[in-house]
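Position 104, counted from 1, in the sequence shown is what our numbering calls 104; the numbers after and before it change by one each time, with no gaps.
Note that beta-carbon positions come from the ideal geometry of N, C-alpha and C, so glycine has one too.
Note sheet for the following structure.
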Amino acid sequence: MPFFSRNNANARGRTNISGVSHYIHQLIREGEHQQLDFKYGITDSRKIARTFSAFSNTRGGRLLIGIKDNGNVSGVKTEEEYYMLEAAAQLYCRPEVSFEVKKWQVNEKTVLEAIIPEAPEKPVLAPTEQGPWKAFIRVNDQNLVAARVILKIWNLENRKHGLSIKYTRKERMLIEWLEKNDTITHTQFCRLATLTRNSAENTLAHLVVLGVLSMEVGQKQILFRLNTPDEKK
């Protein structure tokens, strides 16, 4: 069973034979989730680039190509699908995404497993259906455009120098709210402290990066909560 590895070099081959069918069927049983996606085939490299972007900007993931939505193995044409993956990573991701591909034989059909690591520096952008390039994140089994506050968090994390924040009225109001309530949304914080959207985002982003707050990203909203002492460590 050939194995292809791709980072920023050319693909290379080697042999690796083990419990192939069991491994693939175990992944299929997991179903699609934050770190696993199924594709029947690849017809649009830009669409695959959005999945690459989402995995890269979240916690990495695996893409199985040659699997129907119902979990049945359909198989793929190896070379065509591989070159579409290459195009997605090289042409439609900024910066280019590193990934590796394993080729598996299941029930005499070929399944490709693309493994995408979490990007060391975010964001990774990909084109939207409308054209503009955006950063995507993975939420459950969906690829979503990253909210502005997440972009600001990444920007702060990429800074090479130290980070600090002043404890002003808005920070005090936020902390006092969260000491009485479990979570707060960006919109609630804007209303609570009478802030512009941009100012609220900046404050939340700083507090997340400093470890004061944690966030729970959902498909429709982001919830912010106070970190416990153990979580701050």
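Please tell me whether residue i and residue j are closer than 9 Å, where the distance is taken between their beta carbons.
{"i": "T128", "j": "K122", "result": "no"}
{"i": "R169", "j": "A193", "result": "yes"}
{"i": "S53", "j": "M84", "result": "no"}
{"i": "L64", "j": "I24", "result": "yes"}
{"i": "G75", "j": "K109", "result": "yes"}
{"i": "S98", "j": "A89", "result": "yes"}
Leaving out five residues on either side along the sequence, give the residues of the same chain with a beta carbon under 7 Å from the beta carbon of residue i.
{"i": "G60", "result": "Q35, I116, P117, E118"}
{"i": "Y92", "result": "S45, R46, A49, A126, P127"}
{"i": "F136", "result": "R50, S53, A54, N57, A126, N143, L144, V145, A146"}
{"i": "V149", "result": "H186, E201, L204, A205, I222"}
{"i": "S18", "result": "Model confidence at S18 stands at a pLDDT of 45, short of 50, so the residue's coordinates are unreliable; what they give is reported in the following sentence. Nothing listed; no residue qualifies."}
Measure from the alpha carbon of residue i to the alpha carbon of each residue in the options, then state which is nearest.
{"i": "G31", "options": "Q142, Y83, T183", "result": "Q142"}
{"i": "R172", "options": "L207, L85, L125", "result": "L207"}
{"i": "E96", "options": "K102, E86, Q105", "result": "E86"}
{"i": "L27", "options": "T58, I42, G66", "result": "G66"}
{"i": "G218", "options": "V145, T228, K77", "result": "V145"}
{"i": "G41", "options": "H33, E80, R29", "result": "E80"}
{"i": "W72", "options": "R29, R197, A114, L174", "result": "Position check: residue 72 holds Asn in this sequence, whereas Trp was assumed. The shortest C-alpha separation from N72 is found at R29."}
{"i": "E113", "options": "T78, V139, N181, Y167", "result": "T78"}
{"i": "P120", "options": "Q130, R159, N181, L174", "result": "R159"}
How many whole angstroms separate the CB atoms of residue i and residue j, which I take to be in contact at a CB cut-off of 8 Å?
{"i": "D69", "j": "T51", "result": "Actually they are not in contact, since the Cβ atoms of D69 and T51 sit about 15 Å apart, beyond 8 Å."}
{"i": "A205", "j": "I153", "result": "5 Å"}
{"i": "V124", "j": "S21", "result": "So it is not a contact: roughly 33 Å between Cβ atoms."}
{"i": "L223", "j": "T183", "result": "4 Å"}
{"i": "Y82", "j": "V106", "result": "With a Cβ gap of about 17 Å, Y82 and V106 do not count as contacting."}
For the alpha helix (DSSP H) containing residue i, list its first residue and its last residue.
{"i": "I48", "result": "45 to 57"}
{"i": "L27", "result": "20 to 30"}
{"i": "N202", "result": "197 to 209"}
{"i": "R169", "result": "169 to 180"}
{"i": "A89", "result": "78 to 91"}
Please work out which residues of its chain come closer than 8 Å, Cβ to Cβ, to residue i, disregarding the five sequence neighbours upstream and downstream, and give them in chain order.
{"i": "N202", "result": "K152"}
{"i": "I165", "result": "E171, T203, H206, L207, L210"}
{"i": "L156", "result": "L163, A205, H206, V209"}
{"i": "E179", "result": "L226"}
{"i": "E196", "result": "Per the sequence presented here, residue 196 reads as Thr, with Glu not at that position. Cβ neighbours of T196 beyond the five flanking positions: C190."}
{"i": "N140", "result": "H33, Q34, Q219"}
{"i": "R94", "result": "V124, L125, A126, W133"}
If I follow the unbroken beta strand (DSSP E) through residue i, where does it start and stop?
{"i": "K103", "result": "99 to 106"}
{"i": "S214", "result": "213 to 217"}
{"i": "Q142", "result": "142 to 145"}
{"i": "R235", "result": "A query on residue 235 cannot be resolved here, the shown segment of the chain reaching from 1 to 233 and no further."}
{"i": "K152", "result": "Looking at the DSSP string, K152 is not in any beta strand (DSSP E); the run it does join, the alpha helix (DSSP H), is 148 to 157."}
{"i": "L112", "result": "109 to 116"}
{"i": "L192", "result": "Careful: L192 lies outside any beta strand (DSSP E), inside the alpha helix (DSSP H) at 186 to 193."}
{"i": "A126", "result": "125 to 127"}
{"i": "R94", "result": "No beta strand (DSSP E) holds R94; DSSP gives it neither H nor E."}
Residues in its own chain within less than 6 Å of residue i by CB, not counting five upstream and five downstream?
{"i": "K220", "result": "none"}
{"i": "W104", "result": "V20, I24, V111"}
{"i": "L213", "result": "L207, F224"}
{"i": "E216", "result": "L223"}
{"i": "T185", "result": "Q221"}
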